[in-house]
Amino acid sequence: MISYSEITFRLVLASILGGLIGLERESNNRPAGLRTHILVTIGAALVMLISMYGFDGLGENGSGGEPARLAAQVVSGIGFLGAGTILRQGNSIHGLTTAASLWVCGCIGLAIGNGYYLGGLITAGIVLFSLISLGFFEKSVFKNKYKTLHVICAERPGLIGEIGTLLGKNSITIKDIKMEPFEEDVDLHIDITIKIPSKFSPEGLFGSMAKIEGVKSAGWEGDLE
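Take the sequence shown: its letter number 148 is residue 148 in UniProt numbering, and every next letter is one higher.
Structure follows, in C-alpha coordinates:
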(Lines of atoms letter the chains of each structure in order from A and count residues from 1; the text may use other names and numbers.)
(Lines give C-alpha, C1' and ligand atoms only; values in the text may rest on other atoms or scores of the structure.)
Protein backbone atom coordinates (compact mmCIF):
# COMPACT_ATOMS: atom_id res chain seq x y z
CA MET A 1 0.00 0.00 0.00
CA ILE A 2 1.37 3.41 -0.94
CA SER A 3 1.49 6.28 1.55
CA TYR A 4 -1.29 8.80 2.03
CA SER A 5 0.98 11.57 0.79
CA GLU A 6 1.60 9.68 -2.46
CA ILE A 7 -2.13 9.14 -2.96
CA THR A 8 -2.77 12.84 -2.36
CA PHE A 9 0.00 13.85 -4.75
CA ARG A 10 -1.33 11.65 -7.55
CA LEU A 11 -4.89 12.94 -7.20
CA VAL A 12 -3.80 16.58 -7.02
CA LEU A 13 -1.46 16.22 -10.00
CA ALA A 14 -4.22 14.55 -12.03
CA SER A 15 -6.65 17.36 -11.20
CA ILE A 16 -4.08 20.02 -12.16
CA LEU A 17 -3.34 18.44 -15.54
CA GLY A 18 -7.03 17.94 -16.26
CA GLY A 19 -7.75 21.50 -15.14
CA LEU A 20 -5.19 22.96 -17.54
CA ILE A 21 -6.80 21.18 -20.47
CA GLY A 22 -10.28 22.08 -19.25
CA LEU A 23 -9.27 25.73 -18.89
CA GLU A 24 -8.43 25.87 -22.59
CA ARG A 25 -11.82 24.34 -23.45
CA GLU A 26 -13.56 26.75 -21.06
CA SER A 27 -11.91 29.75 -22.71
CA ASN A 28 -13.43 28.64 -26.03
CA ASN A 29 -16.93 28.29 -24.51
CA ARG A 30 -17.08 24.54 -25.03
CA PRO A 31 -19.81 22.41 -23.39
CA ALA A 32 -17.28 20.55 -21.23
CA GLY A 33 -14.92 22.97 -19.52
CA LEU A 34 -12.72 23.32 -16.45
CA ARG A 35 -14.81 21.44 -13.89
CA THR A 36 -15.76 18.58 -16.20
CA HIS A 37 -12.17 17.87 -17.21
CA ILE A 38 -10.99 18.00 -13.60
CA LEU A 39 -13.72 15.56 -12.54
CA VAL A 40 -12.91 13.14 -15.36
CA THR A 41 -9.16 13.18 -14.71
CA ILE A 42 -9.26 12.90 -10.94
CA GLY A 43 -12.00 10.26 -11.15
CA ALA A 44 -9.91 8.16 -13.52
CA ALA A 45 -6.89 8.52 -11.24
CA LEU A 46 -8.94 7.40 -8.24
CA VAL A 47 -10.27 4.36 -10.09
CA MET A 48 -6.73 3.36 -11.01
CA LEU A 49 -5.61 3.76 -7.38
CA ILE A 50 -8.53 1.65 -6.19
CA SER A 51 -7.89 -1.05 -8.77
CA MET A 52 -4.20 -1.23 -7.83
CA TYR A 53 -4.30 -0.82 -4.05
CA GLY A 54 -7.92 -1.00 -2.94
CA PHE A 55 -8.10 -4.79 -2.88
CA ASP A 56 -4.86 -5.55 -1.05
CA GLY A 57 -6.69 -7.12 1.88
CA LEU A 58 -8.69 -9.61 -0.15
CA GLY A 59 -5.95 -12.22 -0.26
CA GLU A 60 -4.98 -14.55 -3.05
CA ASN A 61 -8.57 -15.15 -4.17
CA GLY A 62 -9.40 -11.44 -4.32
CA SER A 63 -9.72 -9.37 -7.42
CA GLY A 64 -6.64 -7.27 -6.70
CA GLY A 65 -3.95 -7.16 -9.32
CA GLU A 66 -6.33 -6.56 -12.22
CA PRO A 67 -6.16 -2.79 -12.69
CA ALA A 68 -6.78 -3.15 -16.42
CA ARG A 69 -10.35 -4.30 -15.78
CA LEU A 70 -11.48 -1.12 -14.03
CA ALA A 71 -9.35 1.04 -16.34
CA ALA A 72 -11.18 -0.37 -19.35
CA GLN A 73 -14.51 0.55 -17.76
CA VAL A 74 -13.29 4.12 -17.24
CA VAL A 75 -12.37 4.47 -20.91
CA SER A 76 -15.76 3.09 -21.97
CA GLY A 77 -17.62 5.39 -19.60
CA ILE A 78 -15.81 8.47 -20.84
CA GLY A 79 -16.87 7.51 -24.36
CA PHE A 80 -20.51 8.00 -23.37
CA LEU A 81 -19.68 11.27 -21.62
CA GLY A 82 -17.85 12.56 -24.68
CA ALA A 83 -20.78 11.67 -26.92
CA GLY A 84 -22.85 14.19 -24.97
CA THR A 85 -20.56 17.01 -26.09
CA ILE A 86 -20.93 16.24 -29.82
CA LEU A 87 -23.63 18.20 -31.63
CA ARG A 88 -24.68 18.03 -35.26
CA GLN A 89 -26.18 21.05 -36.97
CA GLY A 90 -26.94 20.34 -40.60
CA ASN A 91 -23.65 19.49 -42.28
CA SER A 92 -21.62 20.78 -39.33
CA ILE A 93 -20.45 18.70 -36.38
CA HIS A 94 -19.32 20.38 -33.16
CA GLY A 95 -17.66 19.01 -30.05
CA LEU A 96 -15.33 16.37 -31.45
CA THR A 97 -12.24 18.06 -30.02
CA THR A 98 -13.87 18.44 -26.62
CA ALA A 99 -14.93 14.79 -26.65
CA ALA A 100 -11.37 13.78 -27.51
CA SER A 101 -9.97 16.00 -24.74
CA LEU A 102 -12.28 14.33 -22.21
CA TRP A 103 -11.13 10.91 -23.35
CA VAL A 104 -7.43 11.78 -23.17
CA CYS A 105 -7.96 13.38 -19.74
CA GLY A 106 -9.30 10.03 -18.56
CA CYS A 107 -6.19 8.34 -19.92
CA ILE A 108 -3.96 10.93 -18.22
CA GLY A 109 -5.77 10.29 -14.96
CA LEU A 110 -5.20 6.55 -15.30
CA ALA A 111 -1.51 7.14 -15.99
CA ILE A 112 -1.05 9.43 -12.97
CA GLY A 113 -3.03 7.08 -10.75
CA ASN A 114 -0.74 4.27 -11.85
CA GLY A 115 2.33 6.36 -10.98
CA TYR A 116 3.35 6.72 -14.62
CA TYR A 117 4.14 10.42 -14.16
CA LEU A 118 6.36 10.89 -17.22
CA GLY A 119 3.75 9.55 -19.62
CA GLY A 120 0.97 11.60 -18.04
CA LEU A 121 2.97 14.83 -18.01
CA ILE A 122 4.22 14.46 -21.59
CA THR A 123 0.72 13.60 -22.82
CA ALA A 124 -0.78 16.62 -21.04
CA GLY A 125 1.90 18.86 -22.54
CA ILE A 126 1.27 17.58 -26.07
CA VAL A 127 -2.50 17.97 -25.64
CA LEU A 128 -2.14 21.57 -24.45
CA PHE A 129 0.22 22.34 -27.32
CA SER A 130 -2.24 20.83 -29.81
CA LEU A 131 -5.24 22.71 -28.44
CA ILE A 132 -3.57 26.10 -28.04
CA SER A 133 -0.71 26.43 -30.55
CA LEU A 134 -2.19 24.31 -33.34
CA GLY A 135 -5.50 26.13 -32.87
CA PHE A 136 -3.80 29.44 -33.68
CA PHE A 137 -2.00 27.76 -36.59
CA GLU A 138 -5.25 26.47 -38.08
CA LYS A 139 -6.89 29.88 -37.78
CA SER A 140 -3.95 31.60 -39.48
CA VAL A 141 -3.64 29.05 -42.31
CA PHE A 142 -7.35 28.68 -43.03
CA LYS A 143 -8.45 32.20 -42.11
CA ASN A 144 -9.45 32.96 -45.71
CA LYS A 145 -11.82 29.97 -45.78
CA TYR A 146 -13.78 30.96 -42.68
CA LYS A 147 -15.69 34.19 -42.22
CA THR A 148 -18.34 35.47 -39.86
CA LEU A 149 -21.53 36.73 -41.47
CA HIS A 150 -23.37 39.38 -39.44
CA VAL A 151 -27.10 39.67 -40.10
CA ILE A 152 -29.50 42.22 -38.62
CA CYS A 153 -33.10 41.15 -39.03
CA ALA A 154 -36.56 41.26 -37.52
CA GLU A 155 -37.54 38.36 -35.30
CA ARG A 156 -39.77 36.16 -37.45
CA PRO A 157 -40.56 32.42 -37.29
CA GLY A 158 -38.74 30.47 -40.00
CA LEU A 159 -36.30 33.26 -40.81
CA ILE A 160 -33.22 31.36 -39.61
CA GLY A 161 -34.27 28.37 -41.69
CA GLU A 162 -34.59 30.51 -44.82
CA ILE A 163 -31.12 31.96 -44.26
CA GLY A 164 -29.71 28.46 -43.76
CA THR A 165 -31.38 27.24 -46.94
CA LEU A 166 -29.91 30.13 -48.91
CA LEU A 167 -26.42 29.40 -47.59
CA GLY A 168 -26.82 25.73 -48.47
CA LYS A 169 -27.80 26.60 -52.04
CA ASN A 170 -24.52 28.53 -52.32
CA SER A 171 -22.54 25.46 -51.09
CA ILE A 172 -21.69 27.28 -47.86
CA THR A 173 -21.20 25.22 -44.69
CA ILE A 174 -22.41 26.69 -41.41
CA LYS A 175 -19.88 26.18 -38.61
CA ASP A 176 -21.53 28.16 -35.80
CA ILE A 177 -24.53 30.40 -35.15
CA LYS A 178 -24.89 32.98 -32.38
CA MET A 179 -28.03 35.05 -31.85
CA GLU A 180 -28.23 38.12 -29.61
CA PRO A 181 -31.69 39.60 -29.07
CA PHE A 182 -31.76 42.94 -27.30
CA GLU A 183 -34.51 44.00 -24.90
CA GLU A 184 -34.55 47.60 -26.12
CA ASP A 185 -34.10 46.64 -29.77
CA VAL A 186 -36.70 44.78 -31.82
CA ASP A 187 -33.97 43.61 -34.19
CA LEU A 188 -32.23 40.26 -33.89
CA HIS A 189 -28.45 40.21 -34.34
CA ILE A 190 -27.12 36.95 -35.80
CA ASP A 191 -23.46 35.98 -36.23
CA ILE A 192 -22.98 33.01 -38.55
CA THR A 193 -19.52 31.49 -38.92
CA ILE A 194 -19.33 29.94 -42.38
CA LYS A 195 -16.87 27.99 -44.50
CA ILE A 196 -16.56 29.64 -47.89
CA PRO A 197 -16.33 27.46 -51.04
CA SER A 198 -13.61 28.02 -53.64
CA LYS A 199 -15.94 29.81 -56.07
CA PHE A 200 -17.92 32.32 -54.06
CA SER A 201 -19.57 35.68 -54.80
CA PRO A 202 -20.33 37.65 -51.62
CA GLU A 203 -22.24 40.29 -53.56
CA GLY A 204 -24.62 37.68 -54.92
CA LEU A 205 -25.11 36.17 -51.47
CA PHE A 206 -25.82 39.52 -49.81
CA GLY A 207 -28.20 40.47 -52.62
CA SER A 208 -30.18 37.26 -52.25
CA MET A 209 -30.21 37.57 -48.47
CA ALA A 210 -31.57 41.13 -48.67
CA LYS A 211 -34.61 39.75 -50.51
CA ILE A 212 -35.55 37.55 -47.54
CA GLU A 213 -38.46 39.05 -45.65
CA GLY A 214 -37.27 40.50 -42.35
CA VAL A 215 -33.57 40.83 -43.22
CA LYS A 216 -32.51 44.46 -42.81
CA SER A 217 -28.78 44.18 -43.48
CA ALA A 218 -26.11 41.54 -44.01
CA GLY A 219 -22.33 41.74 -44.28
CA TRP A 220 -19.06 40.52 -42.88
CA GLU A 221 -18.51 40.99 -39.17
CA GLY A 222 -17.09 44.45 -38.51
CA ASP A 223 -18.47 45.95 -41.71
CA LEU A 224 -21.88 46.66 -40.17
CA GLU A 225 -22.53 48.98 -37.27
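C-beta: ideal position from N, C-alpha, C; glycine also.
Ile-177 in three-state terms, based on DSSP: strand
Those residues which DSSP pairs with Lys-147 across a bridge: Ile-194
Beta-carbon separation (whole angstroms), Ile-21 vs Ser-101, contact threshold 8 Å: 6 Å
Residue burial classification, Thr-36 (beta-carbon count within 10 angstroms, cutoff 16): buried
Sub-9 Å separation of Leu-11 and Leu-49 beta-carbons: yes
First and last residue of the uninterrupted alpha helix (DSSP H) at Lys-169: 159–169
Of the residues Thr-193, Gly-120 and Phe-80, the one placed nearest Thr-41, counting alpha carbons only: Gly-120
Other residues of its chain near Ile-194: CB distance less than 8 Å, five sequence neighbours each side excluded: Tyr-146, Lys-147, Thr-148, Leu-149, Leu-167, Ile-172, Thr-173, Ile-174 and Lys-175
Beta-bridge pairing of Ser-5 - partner residues as DSSP gives them: Looking at the DSSP assignment, Ser-5 forms no beta bridge with any residue, so it has no partner.
Nearest candidate by alpha-carbon position, reference Leu-110, set Val-74, Val-127, Asp-191 and Thr-8: Val-74
Pairwise C-alpha distance: Ile-16 and Ala-45: 12 Å
Coarse secondary structure for Gly-219, derived from DSSP in three states: strand
The alpha helix (DSSP H) enclosing Glu-201, as first and last residue numbers: Looking at the sequence shown, residue 201 is not Glu but Ser. Careful: Ser-201 lies outside any alpha helix (DSSP H) and carries neither H nor E.
Reduced DSSP category for Gly-18 - H, G, I as helix; E, B as strand; rest coil: helix
Rounded separation between Leu-6 and Phe-137 - CA only: A quick correction: the sequence has Glu, not Leu, at residue 6. When rounded, the distance between both Cα atoms is 39 Å.
Assigned secondary structure, Ile-83 (DSSP; H/G/I helix, E/B strand, else coil): The amino acid occupying residue 83 in the given sequence is Ala; Ile does not appear at that position. If DSSP states are grouped into helix, strand and coil, Ala-83 belongs with the helices.
CB contact flag (Ala-154, Thr-98, <9 Å): no
Contact set for Asn-61: own chain, Cβ-Cβ below 7 Å, skip 5 residues either direction: Note that Asn-61 scores 45 on pLDDT, short of 50, meaning its location in the model is unreliable and no value can be drawn from it.
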